[in-house]
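Before any comments, here is the structure.
Protein chains: 2
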Amino acid sequence: MRIAELSRISGVPVPTIKYYLRENLLPPGELTSPNQASYDETHLHRLRLIRALVDLAQVPVAGVKDVLEGLDSPTMPLHDKIGRAHRAITPQRQLPSTSEAHDAATTQVQELLASRGWSVERDAPALNTLIETIAALRTLHQDHLVDFLDSYAAAVESFTEIEVAAVTTRTSSDEIAESVIVGTILGETLISSLRLLAQESISAKRWTKPAGN
Amino acid sequence: MRIAELSRISGVPVPTIKYYLRENLLPPGELTSPNQASYDETHLHRLRLIRALVDLAQVPVAGVKDVLEGLDSPTMPLHDKIGRAHRAITPQRQLPSTSEAHDAATTQVQELLASRGWSVERDAPALNTLIETIAALRTLHQDHLVDFLDSYAAAVESFTEIEVAAVTTRTSSDEIAESVIVGTILGETLISSLRLLAQESISAKRWTKPAGN
DNA sequence: CGTTTATGGATACTGCTACTATCTATCACG
DNA sequence: CGTGATAGATAGTAGCAGTATCCATAAACG
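Structure below.
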């Protein structure tokens, strides 16, 4: 198919497709002549993947590029591909000169990892975010959430087990990487939406009738 | 305290504080003379809240403004304040002309809500995101995650119960609104980080040794 | 009491991201 | 053969989140 059809089916404007081609998010079509290329199902699929990551999961284009480079690599270990996905959805934060709250949070996180038996690299992108978030919650006098950290972690673990189980049902090793990455990134969007819906439902029941400010 | 000290303690540059003042994210200090104002603990706290939402939770400044306006309103029902928080973290998406996948996803979500007994407004911001995400997952041939939607929802419900329990331990109705909003927004960051850590740990165990790419 | 430094308020400018628009030289198609 | 689409290159745009500059004061210091 030509670019116009690709655009029509995917709903992505032609100039945007050209932009993705320029940025190497999308591999070039097969040139049939100096100014004619033909695109196929793989391009359509890739384009849909890009839009899902950008629109739904709010991943910046540069991050999508990293993720896709990982997916396209035949030699990169899956664990490293996952690392790219994680980095794509956890913005790099500059470390803020160890404060008191920061140190306390670091300790708590270390304890949590130990008690749960989670082993992660010390420069895992999410580690910093978790520490900063806990420190922020404490500084904002919202310790109550932090007190339940362990329950949260337990519930989260059940998520991840579900996910791993889901992924391992797909045995084709070609597909498993994309499955994991999409699951990681879009799964986050999915869970987040579910959480907000659950919250709205509970909030409606609890705080619309008794006018509790 | 003066602006320089506010800046020093919070780590936020003076020009940025001025920017937040301009945008009415931060209430003006008390003027002691035409060009001198003094700020207090409430300004510091508000500033920290802004930074947490902006830096940690990636909420756009305009969204933070909405959320804070809600928090500052003495008359707005809590449920509406929560609505503002939800809108702040779910970017408005333009609906993409009902497609086949979209319709199927809509049906599935309706069934989920019914089976879980969740009652939400039909224009809840998260509803659309959930539907779009499910549609995208199916279009990308990643149905496996969607198949576990109910398990996800169950686990998510346990989150929210934890949260509600945590919040209700704080009875001061003045504080409850901020608690809920901060819990909603930073809680998302917290859960997301935990999930990534759990995933990394599992991924390390599963896919670094057997080179399973 | 004069000089240096900081401040409030207003306006302008910047860097970054994610596109859009335009242009040119083909090329396909009726 | 003429109309319209296309690849590829270059330039321009809108929105966001700050930064920078300026001015007229006011505080702090010697």
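The listed protein sequences derive, respectively, from chains A and B.
Each residue of the first sequence is one higher than the one before, starting from 1 at the first, in our numbering.
Each residue of the second sequence is one higher than the one before, starting from 214 at the first, in our numbering.
Here a beta-carbon is modelled for each residue, glycine too, at the ideal position from N, C-alpha and C.
Every value quoted in this text rests on a predicted model; they were computed, and no experiment measured them.
| Item | Value |
| --- | --- |
| What separation, rounded to the nearest whole angstrom, lies between the Cα atoms of Gly-212 of chain A and Glu-388 of chain B? | Since pLDDT at Gly-212 of chain A reaches only 45, below the 50 mark, its modelled position is unreliable, and the value read off the structure follows with that caveat. One C-alpha to the other measures close to 12 Å. |
| When burial is assigned at 16 or more other CB atoms within 10 Å of the CB, is Asn-341 of chain B buried or exposed? | buried |
| Output needed for Lys-81 of chain A: all residues of its chain with C-beta closer than 7 Å, excluding positions within five of it in sequence on either side, in chain order. | Gly-70, Leu-71, Ala-177, Ile-181 |
| Measure from the C-beta of Val-213 of chain B to each C-beta in chain A and report whether the shortest distance is under 9 Å. | With chain B covering only 214 through 426, there is no way to say anything about residue 213 of chain B. |
| Give the DSSP-derived three-state secondary structure of Leu-353 of chain B in the structure shown. | coil |
| So what's Asp-121 of chain A in DSSP terms, helix, strand or just coil? | For the sequence presented, residue 121 of chain A should be read as Glu rather than Asp. DSSP places Glu-121 of chain A in coil when its eight states are reduced to three. |
| Just to confirm, is the Cβ distance from Leu-269 of chain B to Thr-133 of chain A under 9 Å? | yes |
| One question on the structure: do Ala-411 of chain B and Ala-153 of chain A come within less than 9 Å of each other, judged by their Cβ atoms? | yes |
| So, does the CB of Glu-132 of chain A fall closer than 9 Å to a CB anywhere in chain B? | yes |
| Sort B:Ser-416, B:His-299, B:Leu-350 by Cα distance to Ala-124 of chain A and report the nearest one. | B:Ser-416 |
| So what does DSSP say about Gln-110 of chain A, is it helix, strand or coil? | helix |
| Can you confirm whether the stretch 355 to 374 of chain B touches the stretch 145 to 160 of chain A when touching is taken to mean that 3 or more C-beta pairs between the two stretches lie within less than 8 Å? | yes |
| Answer with buried or exposed for Val-61 of chain A, where buried requires no fewer than 16 other C-beta atoms within 10 angstroms of its C-beta. | exposed |
| What residue from B:Gln-249, B:Leu-260, B:Met-289 has the CA that sits closest to Tyr-232 of chain B's CA? | B:Leu-260 |
| Mind checking the stretch 184 to 205 of chain A against chain B and listing, in chain order, the residues whose C-beta falls within less than 7 Å of any C-beta there? | Thr-184, Leu-186, Gly-187, Glu-188, Thr-189, Leu-190, Ile-191, Ser-192, Ser-193, Leu-194, Arg-195, Leu-196, Leu-197, Ala-198, Gln-199, Glu-200, Ser-201, Ile-202, Ser-203, Ala-204 |
| Taking its Cβ as the centre, do 16 or more other Cβ atoms sit within 10 Å of Ile-404 of chain B, making it buried, or is it exposed? | buried |
| Indicate whether Ile-50 of chain A and Leu-25 of chain A have their beta-carbon atoms separated by less than 9 Å. | yes |
| For Gly-224 of chain B, count the other beta carbons within 10 Å of its own beta carbon; 16 or more makes it buried, fewer makes it exposed. Which is it? | exposed |
| I need the straight-line Cα distance from Ala-379 of chain B to Leu-21 of chain A, nearest angstrom please. | 49 Å |
| Compute the Euclidean distance between the alpha carbons of Arg-335 of chain B and Asp-279 of chain B, then round it to the nearest angstrom. | 21 Å |
| Name, going along the chain, the residues of the stretch 34 to 58 of chain A whose beta-carbon falls closer than 9 Å to a beta-carbon of chain B. | His-45, Arg-48, Leu-49, Arg-51, Ala-52, Asp-55, Leu-56, Ala-57, Gln-58 |
| In terms of DSSP beta bridges, what is Glu-30 of chain A paired with? | A:Ser-38 |
| Would you tell me roughly how many angstroms separate the C-alpha atoms of Thr-42 of chain A and Arg-170 of chain A, rounded to the nearest one? | 19 Å |
| Report yes if the C-beta of Glu-324 of chain B is less than 8 Å from at least one heavy atom of the ligand FAD; otherwise report no. | Among the ligands in the structure shown, none appear at all, so the ligand FAD cannot be discussed. |
| Tell me which residues of the stretch 351 to 366 of chain B have at least one Cβ-Cβ distance to chain A shorter than 9 Å, keeping chain order. | Thr-352, Leu-353, His-354, Gln-355, His-357, Leu-358, Val-359, Asp-360, Phe-361, Leu-362, Ser-364, Tyr-365, Ala-366 |
| Taking only beta-carbon atoms, is Gly-276 of chain B less than 9 Å away from chain A? | no |
| Since Ala-177 of chain A is in the alpha helix (DSSP H), which residue starts that stretch and which ends it? | 173 to 207 |
| Go through its chain and collect everything with a Cβ distance to Thr-107 of chain A's Cβ below 6 Å, but skip five positions before and after it. | none |
| Need the endpoints of the alpha helix (DSSP H) that Pro-15 of chain A sits in, please. | 14 to 22 |
| Using a Cβ-Cβ distance cut-off of 9 Å, determine whether Thr-104 of chain A contacts chain B. | Note on identity: in this sequence residue 104 of chain A is Ala, with Thr being the wrong assignment. So no, Ala-104 of chain A is outside the interface. |
| How close, in whole Å, do the beta carbons of Val-333 of chain B and Leu-326 of chain B come, if the pair is a contact with beta carbons under 8 Å? | 7 Å |
| What is the C-beta distance between Ala-250 of chain B and Leu-140 of chain A, in whole angstroms, given that I count them as a contact (C-beta under 8 Å)? | Not really, about 24 Å apart at Cβ, beyond 8 Å. |
| In terms of alpha-carbon separation, which member of B:Ile-230, B:Arg-329, B:Gln-323 lies closest to Leu-257 of chain B? | B:Ile-230 |
| Closer than 9 Å, Cβ to any Cβ of chain A: which residues of the stretch 325 to 337 of chain B, in chain order? | Leu-325, Leu-326, Arg-329, Gly-330, Trp-331, Ser-332, Val-333, Glu-334, Ala-337 |
| At a Cβ threshold of 9 Å, is Arg-297 of chain B touching chain A? | no |
| For the candidate residues B:Leu-407, B:Ser-385, B:Tyr-252, B:Ser-310, whose alpha-carbon lies nearest to that of Ile-215 of chain A? | Outside the displayed range of chain A (1 to 213) lies residue 215 of chain A, so it cannot be described from this structure. |
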